[in-house]
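Colleague: Read top to bottom, the protein sequences are chains V and H. So the number in our numbering is just where the residue sits in the first sequence, counting from 1, plus 3. So the number in our numbering is just where the residue sits in the second sequence, counting from 1, plus 4. The C-beta atom is built at its ideal place from N, Cα and C for all residues, glycine as well. Right, I'll just put the structure down here and ask away after.
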Amino acid sequence: MSSVESVPPPNLVAPPRRRGRRSSLRSWRRGDQLIFVLAWTAGVALCLITASIIVFLAVKGVAYLSPKLLVTSPSAAVNQAQSGGFLDPIVGTVTLAVIGTLIATPLAVISAIWVVEYGRPRWLVGIVETSIELIAGTPDIVIAIFGLALFQLGILAPLSFRSTGGGVYGRSFLAAGIMMSLLALPLTYTATRNGLRAIPRHMREASYALGKTRITTIRRVLLPSLRPHVATGAVLGMGRIIGDTAIVVVLLGATLQNSPENGVPLLGFLRGTGSTLSSYIYDNSPAGEGNAPQKAYAAVFVLVLIIVALNAIVGRVSRIGVHASAGTGRLSR
Amino acid sequence: MSTRIEGLPSPCGLAPSGEVRQNDTMSINQLVFAPPATDAAPLMNTNPLRAVSPLTGPERMRISEISVFYDGVPAVRQASLAIHQGEVLALIGPSGCGKTTLLRTLNRLTELTPTASHSGQITLDGEDIHELEDTKLRTRVSMVFQQPNPFPMSIFDNVAFALREQSRRRPRRRELEPLVKQALQRAGLYEEIRGDLDRSALRLSGGQQQRLCIARAIATNPEILLMDEPCSALDPRSTAVIEDLILQLRSELAIVIVTHNLQQARRIADRVAFMYLGDLVELGDAGQLFEAPREERTREYIAGAFG
């Protein structure tokens, strides 16, 4: 094809970028000028507000933050210098996020696939969609109290432990993690469903036209395109779990230290109670029971760092998504 | 595949690649840069591949009195025609005349539309296609769509996807590689992407993507290739490359192509079927249908009276 294409001169240098003259702001209508100024003000104000929160937390938090805090367990001491750090809350936060995401993601992806790809009978789809919207709209404290009532049932005793009186305690990492998955579920579900709906019909038909069954099409064609959507939803769900306090206070026990049950090491830990950064912040702040605001600030700073890191991951993942989900068959540059 | 016609390229279409490239370039120059033809007849003869042969092989598919309904409303009415190996059959007609519906009935893709129903019979090599498993049928009657739609995976995986059977055992790459390579060669894409089978298919240009879709569709050696306006999303140069490809492929399989572009039908079709409002109005050799249509409606449509 080289004979067709014109060959560029060998040493053509790109000139520095120069913009041509554009319409002046003064010539605009009054309303447009107003909107223009408002848009800029709003954008800058939003950045300033976020930046000031982060700077405030950083100044307050870094002052007290030390590497030792991150690796020592909290302990009950009146003297703040001896009351330890927040290793347990960090472990607790990560554990709950992992349990919640591990439960929510497969459920969300499978439901989204069923709704979009099968979607029959219609009335059942309506019920599924409504249920997920209801879960999304339920306050976390309601989910927490419902969870407590649920996990105190005798039959669910293996998920937590029996207290000395013989009653089921109903509070554990497993109990909290399972209810946390309800927070993440709607976010992952919505992201996956929207991703599926964005895949054009002719992509599916192309696979059917190659003699593939619907299940093969889902597994080999749709799921690979969905990966970025699922990842985005899962990370958003994790953010939701990490930030939640009510479920931790009610369903995790919010004990000072993670206190495993006796028995199998990991299972014992999961059946035991503990705390997360959010409950730790609450307990140490004057608003809660404690009076150690400097520690609360340090914990908040760590929490913010985790959330910023997650946000960065979301950004990364969704940018990958632009490439991988270019299902329109167009070139995505 | 057993029936081989003299004077045609080998059944696998493995013509020496250098020769193919040359043909490509020649026809591109002629098609794209030739002065616009005032009369259509000379245009038909510009493509050197066009002259290969309008020979017709054995009958592969027979459509008898097929009607297709959406929600009870007929979209195709009592259409009957036969499709032969070695020919390009073009379905033309104004928008909404049922040509795409008819095409999609041939590999039972209309069954994906819940409201669609049909009557009549279609046989592939004497077998009723509704007696065949849909997955088997579609490896024998494959399809290329209007929008190039490569899957979001590598070039290799796009073609290998078509070749993998519905089985537990996944064939290894080494077993599939020669077949993938062959399919890409037949689609005229191998030379352009040589050595880079692992590149993402989404990075190809539109015309290359469409040829990848053709490679994918012919990888299973189907008897019939259905094409639903395969060039309407492409620029003239890519269109010319694909048209040459269609002319090369027709010796090995029957090609049914839906097109809005009458010039394209003149350039590549051996036989043309004109559809109007669900009726198969006229079916004939391309030359006859364009030069001396028997039906008034065909004459008006070709003259540009409607559509």
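Going by DSSP in three states, P62(H) sits in which element: helix, strand or coil?
Modeller: coil
Colleague: Can a CB atom of chain H be found closer than 7 angstroms to the CB of G214(V)?
Modeller: yes
Colleague: Would you report the Cα separation of C50(V) and I202(V), rounded to the nearest angstrom?
Modeller: 34 angstroms
Colleague: Have a look at T127(H), H134(H) and L128(H) and flag the residue whose alpha-carbon is nearest the alpha-carbon of T114(H).
Modeller: H134(H)
Colleague: Excluding five sequence neighbours on each side, which residues of the same chain lie with their C-beta closer than 8 angstroms to the C-beta of T331(V)?
Modeller: With a pLDDT of 38 at T331(V), under the threshold of 50, the modelled position of that residue is not reliable, and no figure is offered here.
Colleague: From this set, E247(H), L238(H), V80(H) and G288(H), which residue's C-alpha is nearest R271(H)'s C-alpha?
Modeller: E247(H)
Colleague: If we call anything under 7 angstroms between Cβ atoms a contact, is I113(V) one with P189(V)?
Modeller: no
Colleague: Which first and last residues belong to the beta strand (DSSP E) in which E205(H) is found?
Modeller: Strictly speaking, residue 205(H) in this sequence is Ala, with Glu absent from that position. Here A205(H) belongs to no beta strand (DSSP E), and DSSP marks it neither H nor E.
Colleague: Thinking just about the alpha-carbon of each residue, which of V94(V), D143(V), V62(V) and Y192(V) is nearest to the one in T133(V)?
Modeller: Nearest C-alpha to T133(V) among V94(V), D143(V), V62(V) and Y192(V): Y192(V).
Colleague: On a Cα-Cα basis, can you pick out the residue from M157(H), E286(H), R144(H) and T119(H) that is closest to T127(H)?
Modeller: R144(H)
Colleague: Going by Cα to Cα distance, which pick from K103(H), S68(H) and P154(H) is closest to R207(H)?
Modeller: P154(H)
Colleague: Could you spell out the range, first to last residue, of the alpha helix (DSSP H) harbouring V119(V)?
Modeller: It is not in any alpha helix (DSSP H) - V119(V) carries neither H nor E in the DSSP assignment.
Colleague: Kindly indicate which residue of I310(V), G95(V) and G275(V) has the alpha-carbon position closest to the one of S166(V).
Modeller: G275(V)
Colleague: If contacts are defined as beta-carbon pairs under 8 angstroms, then A296(H) and A94(H) qualify, I think. What distance do you get, rounded to the angstrom?
Modeller: Incorrect: roughly 17 angstroms between the Cβ atoms, too far for contact.
Colleague: Which ranges does the alpha helix (DSSP H) cover as unbroken runs of at least 4 residues, wholly within the stretch 227-294 of chain V, from first to last along the chain?
Modeller: Scanning the stretch 227-294 of chain V for uninterrupted alpha helix (DSSP H) segments of 4 residues or longer gives 249-254, 268-274 and 280-287, listed from N- to C-terminal end.
Colleague: Can you tell me which of the three DSSP states P13(V) falls into?
Modeller: coil
Colleague: Under 9 angstroms Cβ-Cβ, which residues of chain H neighbour V101(V)?
Modeller: Ordered by position in chain H, no residue passes the 9 angstroms Cβ test against V101(V), which lies about 28 angstroms from the chain.
Colleague: At the 7 angstroms Cβ level, is H232(V) part of the contact set with chain H, yes or no?
Modeller: no
Colleague: How far does the beta strand (DSSP E) with A258(H) in it reach, from first residue to last?
Modeller: Run containing A258(H): A258 to V262, per the beta strand (DSSP E) assignment.
Colleague: Using beta carbons (cut-off 7 angstroms, strictly below), is P18(V) in contact with chain H?
Modeller: no
Colleague: Any contact between the stretch 231-239 of chain H and the stretch 156-167 of chain H? By contact I mean 3 or more CB pairs, one from each, below 8 angstroms.
Modeller: no
Colleague: Under 9 angstroms Cβ-Cβ, which residues of chain H neighbour E208(V)?
Modeller: R108, L113, L116, M147, F149 and N153
Colleague: Can you tell me whether R142(H) is buried or exposed, with buried defined as 16 or more other CB within 10 angstroms of its CB?
Modeller: buried
Colleague: Taking buried to mean at least 16 other C-beta atoms within 10 Å of its own C-beta, is I309(V) buried or exposed?
Modeller: buried
Colleague: Report the CB separation of V92(H) from I259(H) in whole angstroms; it is logged as a contact under 8 angstroms.
Modeller: Your pair V92(H) and I259(H) checks out as a contact, with CB atoms roughly 5 angstroms apart and the cut at 8 angstroms.
Colleague: What would DSSP say about T53(V), mapped onto helix, strand or coil?
Modeller: Residue state, collapsed to three classes: helix.
Colleague: Just mark S184(V) as buried or exposed, buried being the case when its beta carbon has 16 or more other beta carbons within 10 Å.
Modeller: buried
Colleague: Under the three-state reduction of DSSP, which class applies to G168(V): helix, strand or coil?
Modeller: Judged by DSSP in its simplified three-state form, G168(V) adopts coil rather than helix or strand.
Colleague: According to DSSP, is M157(H) part of a helix, a strand, or is it coil?
Modeller: coil
Colleague: According to the Cβ coordinates, are L177(V) and L72(V) closer than 7 angstroms?
Modeller: no
Colleague: Applying a beta-carbon distance threshold of less than 8 angstroms, which residues of chain H neighbour P124(V)?
Modeller: Under a criterion of Cβ atoms nearer than 8 angstroms, no residue of chain H is adjacent to P124(V); the nearest Cβ is some 12 angstroms distant.
Colleague: Please name the residues in the stretch 216-250 of chain V whose beta-carbon is closer than 8 angstroms to at least one beta-carbon of chain H, in chain order.
Modeller: T216, T219, R223, V224, P227 and S228
Colleague: In angstroms, rounded to a whole number, what distance separates the CA positions of M65(H) and A212(V)?
Modeller: 17 angstroms
Colleague: Quick one: is G122(V) buried, meaning 16 or more other Cβ sit within 10 Å of its Cβ, or exposed?
Modeller: Here G122(V) is exposed, its C-beta having fewer than 16 other C-beta atoms within 10 Å.
Colleague: Say yes only if the C-beta of R298(H) is nearer than 6 angstroms to one or more non-hydrogen atoms of the ligand SAH, and no if none qualify.
Modeller: In the structure shown, the ligand SAH is absent, as is every other ligand, since no ligand is present at all.
Colleague: Mind checking if P234(H) is an interface residue toward chain V, Cβ cutoff 7 angstroms exclusive?
Modeller: P234(H) does not count as touching chain V.
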